[in-house]
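The end of the sequence shown is residue 580 by the numbering used here, with every number in the run present.
We put the beta carbon where it would ideally sit given N, CA and C, even for glycine.
All of these numbers come straight from a predicted model, not from anything done at the bench.
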Amino acid sequence: RAAQARLDQAKASFENAKANSVQDKIRNQDVAAAKAALRQAKASLDSALANSRQVSIKAADIQSAGAQVVRNKASVDNARIQLNYTTVTAPRDGIILQKYVEAGTIVTSGKSSFAGTGAGTSIVQLGDLSKMYVLASVDETDIAQVRLGQTVDVQIDAYPEQRFTGKVTKIDPQTVTDQNVTTIPVKVQVVNASPTLKPGMNATCNFIVEKRDNVLLVPVEAVKERSGRHFITVLQGGKQVVRPVKTGLEGDETVEITAGLREGELVVTAVIGPMPKAQAGSPLGMRRPRGGGRGAR
């Protein structure tokens, strides 16, 4: 605007000079000076217009650069997210039991990268060895005697001399049939687990349906049943004597005797070879009844 004003003023001066030259015969140098001032004013106006256009261009450049900064920041944020995906954090404490992938393997994402916990690629199997469980298969005919919280005697095949105590924590609602044998999966927690126990070891579980202390026990094979009554054979004076007895709790290996037998008597468990009639001096398999213990199925 200032340049335009100077131009207008120069034009006015020029016209005034022309008028004066005609009217008052002003000297030619005054007219020349006015023309020079006019040219200078035009040049100033052109320069001002050029600078104005340059400022507009610079403003557009600044706006474009700002947009590029926003895009670059988004790229950096995305790169950081992708970098975080390369670090997998365990959902809980534990010991790596098995590794499924090697360094450099491309994996797919999921809810979790730990075996059994998500739809993505499993990286490792993580185990908490402070809590050990036995997955037992209970025959369908015995499942009625199994209940939650029930005490279980656990015997580990690798440590036959040690006894571990367990309790039932889960009874699966779904049965499993294999070769026409139907069982129910039962989960047993080993209460007194030790570091010697390892995942995958074989175990035998005896579910305690009832407990009795200080009872008389004999091997299962020593008890015979006829017409609803129970009998055992004892050795007296070198001879076999069949004696009726009353039984109590029965386990997989032993039977409780409540009447008809005294602790310390020799019980015949098997006869080696055919023996229609008992004879003194015949080879016999004998065991003494044991006191104490408990019956279990």
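Just curious, the beta strand (DSSP E) that residue i is in, first and last residue?
i: Pro502; result: 499 to 502
i: Gln523; result: 522 to 533
i: Thr541; result: 537 to 542
Could you please give me the residues that DSSP links to residue i through a beta bridge?
i: Asn489; result: Asp436
i: Arg509; result: Arg512
i: Ile378; result: Gly410
i: Gln472; result: Tyr416, Lys450
i: Val459; result: Thr466
i: Leu518; result: Gln523
i: Asp422; result: Thr466
i: Ala350; result: Partner(s): none; Ala350 has no beta bridge.
Mind reading off the beta-carbon distance from residue i to residue j? Whole number of angstroms is fine, and I expect it under 8 Å.
i: Ile515; j: Leu544; result: 7 Å
i: Val501; j: Ile439; result: The pair is not a contact, with the Cβ atoms about 27 Å apart (cut-off 8 Å).
i: Pro482; j: Leu418; result: That pair is no contact at about 11 Å.
i: Gly531; j: Val498; result: 7 Å
i: Val464; j: Gly449; result: Going by Cβ atoms, the distance from Val464 to Gly449 rounds to 23 Å, so no, they are not a contact pair.
i: Arg526; j: Val517; result: 6 Å
i: Ala324; j: Ala293; result: 4 Å
Starting from the Cα of residue i, find the closest Cα among the options and give me that residue.
i: Ala486; options: Glu444, Leu500, Asp496; result: Glu444
i: Gln523; options: Ala505, Lys494, Ser327, Asp291; result: Ala505
i: Asp436; options: Leu366, Asp535, Ala324, Leu409; result: Asp535
i: Gln433; options: Val421, Asp496, Thr452; result: Thr452
i: Ala427; options: Leu412, Gly410, Ser413, Ile454; result: Ile454
i: Ser477; options: Leu431, Lys414, Ala324; result: Lys414
i: Pro374; options: Asp411, Ala357, Ile364; result: Asp411
i: Leu237; options: Leu409, Val353, Thr372; result: The chain is shown only over 284 to 580; residue 237 falls outside these bounds and no answer can be derived.
i: Thr369; options: Arg512, His513, Ile389; result: Ile389
i: Phe490; options: Gln519, Asn334, Asp425, Ala386; result: Asp425
i: Phe447; options: Gln365, Gly377, Asn475; result: Asn475
i: Tyr416; options: Asp376, Met484, Thr460, Lys382; result: Met484
i: Glu423; options: Gln365, Arg354, Pro456, Tyr442; result: Pro456
i: Leu480; options: Ala441, Gln462, Asp291; result: Ala441
i: Met507; options: Arg363, Arg495, Val528, Ala319; result: Looking at the sequence itself, residue 507 is Lys, so the reference to Met does not match. Considering only alpha carbons, the answer is Val528.
i: Gln519; options: Gly387, Ala326, Val551; result: Val551
Can residue i and residue j be called in contact, C-beta distance under 7 Å?
i: Ile406; j: Val384; result: yes
i: Val471; j: Cys488; result: yes
i: Leu321; j: Phe297; result: yes
i: Ser420; j: Thr466; result: yes
i: Thr404; j: Thr391; result: yes
Below 6 Å, is the gap between the Cβ of residue i and the nearest heavy atom of the ligand MN?
i: Gln523; result: Summarising the ligand content, the structure contains no ligands, and the ligand MN is consequently not present.
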